[in-house]
Each structure stands twice: as C-alpha cells, then as structure tokens.
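Colleague: Got a structure for you, written out below as structure tokens; questions coming shortly.
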Amino acid sequence: MYTIDVERDEPEHVAELRRQLRRFVAEKAPRELRRRWDREHTWPRETFRELAAMGVCGLTVPEEHGGLGRDILAAVAVLEELSRVGPFLAGPFIHCAFYGGMNISENGSPAQKAEMLPKLARGEMLLAYGLSEPDIGGDLANVRTRARIEGDQVVVDGAKRWCTGADWSDYIYCLVNSDPDLPKRQALSFVLIPTDAPGVSMTPIEHVNLRYTASCDVHFDQVRLPLSSIVGGPERWKQGWRMLAGQALDVEKLEVAAITFGFAQAALEEAWSYAQQRVQFGKPICAHQAIRHKLVNARTRLEACRLMLYEATRLAHANLPCAIETSMAKLFIADTGVEIALACQQVMGAYALSDAYDIDRNVRDLLGMPIVGGSSDMQRNNLAGLWKLPG
Ligand SMILES: Cc1cc2nc3c(=O)[nH]c(=O)nc-3n(C[C@H](O)[C@H](O)[C@H](O)COP(=O)(O)OP(=O)(O)OC[C@H]3O[C@@H](n4cnc5c(N)ncnc54)[C@H](O)[C@@H]3O)c2cc1C
C-alpha cells in the first residue's frame, strides 16, 4: 500500500500534527462510517468536538483571543489530512477555522473578535458562507441581497443559494448590497446574520458532491439586526469588496485547493492499492502497461499539486503577496484533481462505480472542485488580470 510521505520539508510541529491526525481519522472515520455519512448528508458532531479538543480550530486565531496564533501552514495541513477521509470533518473545520476564525480575525470589529474568536478557537462556533445567490454565481459584486440601515438597525432582504451549513451554523457571513445607487464594488458590505433571527428561513438543496451536509437556499425577509452585526462594525459599512478580495480570499483559494489535494490523494492511494490486488489475465492489473502509466501519470500530477499548494501556502503563511500563487494553485489542483479522479476511476473499473470503496465519493467530490469556491474559468480571469493581459 502506498501512502503519501507526510514529512518532507515541514516543521516538526506540522509533521507531528499530521501523525496525530492520521491516527485520529483512522480510528474515528472508518469506511463504513464514511459511507453512512455520505448517504445521510451528515457529519459526526461528537468526533468534531474531539478534533476541536486537539486545538486545531485555534490555528487561524490569534493567541490573545484564545487561539494558537495564525499558522496557515498547519491549518492547510490539517485540512489536507482531514479531507483524505472525505469532507465529513474537513467541511466543519472550514466553517469554524476558515469561514469563522480566519475572516473574523482579519475583518471583525474588536467586539466581534472578543465575542467570537475564543468560541471559534475552541470549535464551539460555526459560520456559513452566504455569497452565492439564485442569480449570482461568479459575479459576486452584483449580489442582490439588500441591506439598509434604519436608525440603529440593519435590515436585510433577499436570498442566498448554496449556503452550505446554514441549517446548523450559528451565523451566516453574508455578502450584501448596501446601496444600489453606488457603483457595485463600493456598495458591498458583510453582515453576520444569526441563523435563528426572525425573518430567516431555509430549505435544503440536494447535491451529489461534498455530502457532509445538505446545502441550503436561505431567504431573508425584513431581518432586523443591531448595527454591531456589520462585519468590522458600522465603520466598515460599504467596505465589503476589500474584505471579499483581501487576504481571506487568498486563504479561501488555498483551503479549496487543500481539500481537493486530500481527495485526490485518497483516490490515488485507493487505486494504487487496488491495482496491485486485482488480477486479470494472470497478473495484477498494475502489471498491464496501460494501468501502470495511468497510475504513474496520476502520481506525478499529484506531486505537482503538492508543490503548488505548499508554495502558495508558504507565501500566505509568511504574509507575502500570494494572489497569483493561490489562484494558480486553485486552478491547477482543481483541474488536475479531475484528471486524477478519472484516471483512478478507470483503474478501478466496475468497482469505482459501486459503493464498496471510497472512489465513487472521491470522483463525485473531485469533479465539483473546478466549480466551487471560484470556478476554474474565474481563476483564469483573475490571473489574466493580475498578469495585466490586455483584453
Ligand atoms: C456543494 C456546493 C456547495 C457550495 N457551497 C457554497 C457556500 O457555502 N457558499 C456560497 O456562497 N456558495 C457555495 N456554493 C456555490 C459555488 O461557490 C458556486 O457554484 C460557484 O461560485 C460557481 O457559481 P455558479 O455555479 O452559479 O456558476 P456561474 O457563475 O453561473 O458560471 C457558470 C459557468 O460559466 C462560467 N463563467 C461565468 N462567468 C464567466 C466569465 N466571466 N468568464 C468565463 N467563464 C465564466 C463559469 O466558470 C462556469 O463554468 C456551493 C456550490 C456547491 C455545488
């Protein structure tokens, strides 16, 4: 059985974290549970509490707010390790450490930081991301969910689609238009909407990928909130574009790339091992050249993904500019993940289409990665702009 070497080029605390997490997921997320969670669109609450007790949710939270201090390298390594067993722990970890810890540390007001970060660091608070809408996918600056200030309240009306985890999160980190008369990028704000606020309603959406939960359609009907719900406080009203396109976006691209890398590793490890056990025409199928080449190509591509992910992570970790590297990593790893998925599916033949292995789930999840979290075409657009390609 081939397993990815975890200990190259890494600080000891990250390598040790990986060793602990590999033991943790092997014990807590065996295949029969993974299959059940996938069938039921759910994730294991108690196992997540045990994971949080290891302190990992504090990796995006400063020490003065109860975290371990911002350690993007370790946080990305945690995501990679968790996603090797699917989205069932990696998903909630993102809702806590990235949607929550990362965004509130970067953009929260002092009061929001004091209130939310200690809970996020302990894994006791989860946020859902409210960006997409029924008529808005990649074109986020055009969101139509409307928020206006009335006296000492913010009033929100509109709808979000694909708001994953809205049904169990504490808040929706919600992108709104706060002035339709202004140019669109000057009109955006973020608001923290409690999921149980009067006027919030939701319905689940069925989907084939990332089945740690159902995603949600969410409606806001005259949702009234105190001004302190504006992310960053009232003085950050209409500064949402800077928050959307800032450092948190770079880390968001890394986070999607990291789970893609984890899914692709799991797919390849399973196919690599299967090809040595499955005998056809008197020899293991890995001895047939067509299968050998598929596996070798996939492993080579996977290594390229690793290098791109951790080069971009190294820059983000060091607070260096990394918009280009994180976009390249998201684009390359998502697209290469599809190639790896399809190669592994071919290697495993009919069994890749059954639920006897993890490959069917990994293929479903990998096929979605060039779409979610900023599509591959949107990354190409970003990169063409960042490289100032006329057009
Ligand atoms: C399981 C799941 C979970 C999700 N969770 C969340 C979540 O928690 N929060 C959230 O906010 N969203 C979430 N999403 C939404 C996801 O991020 C969007 O699907 C994604 O941003 C793409 O939007 P879209 O599918 O509407 O594509 P569209 O923007 O409608 O684009 C459709 C196609 O056209 C291409 N295209 C569009 N515009 C251009 C252009 N200018 N140039 C080139 N090509 C273009 C796109 O690349 C894509 O291929 C989730 C989606 C899924 C499936």
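Just so we're aligned, residue 1 is where the sequence shown starts under this note's numbering, counting upward by one. Even glycine gets a Cβ: it sits at the ideal position worked out from N, Cα and C.
Indicate whether V251 and V372 have their beta-carbon atoms separated by less than 8 angstroms.
Modeller: For the purposes of this step, residue 251 is taken as the residue at position 251 of the sequence shown. For the purposes of this step, residue 372 is taken as the residue at position 372 of the sequence shown. Taking 8 angstroms as the Cβ cut-off, V251 and V372 do not qualify as a contacting pair.
Colleague: Might you give, ordered along the chain, the residues of its own chain that have their beta carbon closer than 6 angstroms to the beta carbon of M1, omitting 5 neighbours on each side?
Modeller: The residue you call residue 1 lines up with position 1 of the sequence shown. Bear in mind that a pLDDT of 47 at M1, under 50, signals an unreliable position, so the model cannot answer this.
Colleague: What runs of the alpha helix (DSSP H), each 4 residues or longer, lie entirely inside the stretch 261-301?
Modeller: DSSP runs (the alpha helix (DSSP H)) wholly in the stretch 261-301: none.
Colleague: Near C163, what residues of its chain come up, given a Cβ to Cβ distance below 8 angstroms and the 5 sequence neighbours on each side ignored?
Modeller: Your numbering for residue 163 matches position 163 in the sequence shown. For C163, where only same-chain residues beyond five positions count, the Cβ hits under 8 angstroms are A128, Y129, G130, S132, I172, M202, S215, C216, D217, V218.
Colleague: Grab me the residues of V338's own chain with a C-beta within less than 8 angstroms of its C-beta, minus the 5 sequence neighbours each way, in chain order.
Modeller: In the sequence shown, counting from the first residue as 1, residue 338 sits at position 338. Excluding sequence neighbours, V338 sits near L366, L367, M369, P370.
Colleague: Do you know how far the Cα of L227 is from the Cα of L188?
Modeller: Within the sequence shown, numbered from 1, the residue matching residue 188 stands at position 188. Within the sequence shown, numbered from 1, the residue matching residue 227 stands at position 227. If you take the alpha carbons of L188 and L227, they lie about 15 angstroms apart.
Colleague: Would the beta-carbon of Y129 be found less than 7 angstroms away from any heavy atom of ligand 1?
Modeller: Stepping through the sequence shown from its first residue, residue 129 is reached at position 129. Yes, Cβ of Y129 sits closer than 7 angstroms to a heavy atom of ligand 1.
Colleague: Under 8 angstroms: do the stretch 40-56 and the stretch 108-119 share three or more Cβ pairs, one atom per stretch?
Modeller: These segments do not touch.
Colleague: Using the C-alpha atoms, what's the distance from H95 back to R122?
Modeller: Position 122 of the sequence shown, counting from 1, holds the residue named residue 122. Position 95 of the sequence shown, counting from 1, holds the residue named residue 95. Their Cα atoms are separated by approximately 13 angstroms.
Colleague: Could you give the C-beta distance for Q239 and G233, rounded to a whole number, given that I count them as a contact under 8 angstroms?
Modeller: Position 239 of the sequence shown, counted from the first residue, corresponds to residue 239. Position 233 of the sequence shown, counted from the first residue, corresponds to residue 233. With 8 angstroms as the limit, Q239 and G233 do not qualify as a contact, their Cβ atoms being about 10 angstroms apart.
Colleague: Please check if any C-beta of chain C sits within less than 8 angstroms of the C-beta of Y274.
Modeller: Of the protein chains in the structure, only one exists, and it is not chain C.
Colleague: State the Cα-Cα distance for the pair A316 and K184, rounded to the nearest angstrom.
Modeller: Numbered from 1 along the sequence shown, position 316 holds the residue referred to as residue 316. Numbered from 1 along the sequence shown, position 184 holds the residue referred to as residue 184. For A316 and K184, the distance between alpha carbons rounds to 28 angstroms.
Colleague: Taking the Cβ atom as the reference point for each residue, do G138 and S376 lie within a distance shorter than 8 angstroms?
Modeller: For the purposes of this step, residue 138 is taken as residue 138 along the sequence shown, with counting starting at 1. For the purposes of this step, residue 376 is taken as residue 376 along the sequence shown, with counting starting at 1. Contact flag unset, no.
Colleague: By the 10 Å Cβ neighbour count, where 16 or more other Cβ atoms means buried, how is H13 classified, buried or exposed?
Modeller: As a position in the sequence shown, residue 13 is number 13, starting the count at 1. Burial call: exposed.
Colleague: DSSP three-state label for M1, please.
Modeller: What you label residue 1 is simply residue 1 of the sequence shown in a count that begins at 1. Its pLDDT being 47, under 50, M1 is placed unreliably by the model, and nothing is read from it.
Colleague: By the DSSP assignment, the beta strand (DSSP E) with L175 in it spans what residues?
Modeller: For the purposes of this step, residue 175 is taken as the residue at position 175 of the sequence shown. Its beta strand (DSSP E) spans residues 171-177.
Colleague: Taking V76 as the reference, which of E50, L389, T313 has the closest Cα?
Modeller: As a position in the sequence shown, residue 76 is number 76, starting the count at 1. Per the Cα distances, T313.
Colleague: What number of angstroms, rounded off, separates the C-alpha of Q20 from the C-alpha of I149?
Modeller: Locating residue 20 in the sequence shown gives position 20, counting from the first residue. Locating residue 149 in the sequence shown gives position 149, counting from the first residue. Cα-Cα distance, rounded: 48 angstroms.
Colleague: Under 7 angstroms Cβ to Cβ from R299, same chain only, skipping five residues before and after it: list those, please.
Modeller: The count along the sequence shown starts at 1 and reaches residue 299 at position 299. If we look at R299 and ignore the five residues flanking it on each side, its Cβ neighbours are L268.
Colleague: Hey, how far is the Cα of W237 from the Cα of M378?
Modeller: Translated into the one-based positions of the sequence shown, residue 237 becomes position 237. Translated into the one-based positions of the sequence shown, residue 378 becomes position 378. Their backbone Cα atoms lie some 26 angstroms apart in a straight line.
Colleague: Report yes or no: do the stretch 349-364 and the stretch 322-330 share at least 3 C-beta pairs separated by less than 8 angstroms?
Modeller: In short, these stretches do not touch, since the Cβ pair count stays below three.
Colleague: Relative to the C-alpha of W387, which candidate in E270, C322, F98 has its C-alpha closest?
Modeller: For the purposes of this step, residue 387 is taken as residue 387 along the sequence shown, with counting starting at 1. Closest option to W387, Cα to Cα, is C322.
Colleague: By the three-class DSSP mapping on this structure, what secondary structure does I94 have?
Modeller: In the sequence shown, counting from the first residue as 1, residue 94 sits at position 94. Residue state, collapsed to three classes: helix.
Colleague: How big is the Cα-Cα spacing for K160 and M308?
Modeller: For the purposes of this step, residue 160 is taken as the residue at position 160 of the sequence shown. For the purposes of this step, residue 308 is taken as the residue at position 308 of the sequence shown. Their Cα atoms are separated by approximately 32 angstroms.
Colleague: What's the gap between the Cα of G58 and the Cα of A114?
Modeller: Here residue 58 refers to the residue found at position 58 when the sequence shown is read from its first residue. Here residue 114 refers to the residue found at position 114 when the sequence shown is read from its first residue. Roughly 14 angstroms between the two C-alpha positions.
Colleague: Using C-beta distances below 8 angstroms, list every residue in its chain close to V397, excluding the 5 sequence neighbours before and after it, in chain order.
Modeller: Not covered by the structure: residue 397. The range shown for the chain is 1 to 391.
Colleague: Pull the bridge partners of E150 from the DSSP assignment, please.
Modeller: Residue 150 sits at position 150 when you count from the first residue of the sequence shown. DSSP lists Q153 as partners of E150.
Colleague: Quick check on this structure: which residue in A258, Q345, G282 has the alpha carbon closest to the alpha carbon of G91?
Modeller: Translated into the one-based positions of the sequence shown, residue 91 becomes position 91. Selected option, being the one with the closest Cα: A258.
Colleague: Rounded to whole angstroms, what is the Cα-Cα separation between N381 and P30?
Modeller: Looking up residue 381 in the sequence shown gives position 381. Looking up residue 30 in the sequence shown gives position 30. Cα-Cα distance, rounded: 40 angstroms.
Colleague: Is any non-hydrogen atom of ligand 1 found closer than 7 angstroms to the C-beta of W162, if you look at the structure I gave you?
Modeller: As a working note, residue 162 is residue 162 in the sequence shown. Result yes, Cβ under 7 angstroms from ligand 1.
Colleague: Suppose only complete runs of 4+ residues qualify. What are the alpha helix (DSSP H) ranges in the stretch 212-266, listed by chain order?
Modeller: Correct list: 240-244.
Colleague: Looking only at DSSP bridge pairs, what is L127 linked to?
Modeller: Translated into positions along the sequence shown, residue 127 becomes position 127. Its beta-bridge partners are Y171.
Colleague: Starting from M102, trace the beta strand (DSSP E) in both directions and tell me its first and last residue.
Modeller: Along the sequence shown, read from residue 1 onward, the residue named residue 102 stands at position 102. M102 -> no beta strand (DSSP E), and no H or E assigned at all.
Colleague: Which of the three DSSP states is assigned to E133 in this structure?
Modeller: The residue you call residue 133 lines up with position 133 of the sequence shown. Strand.
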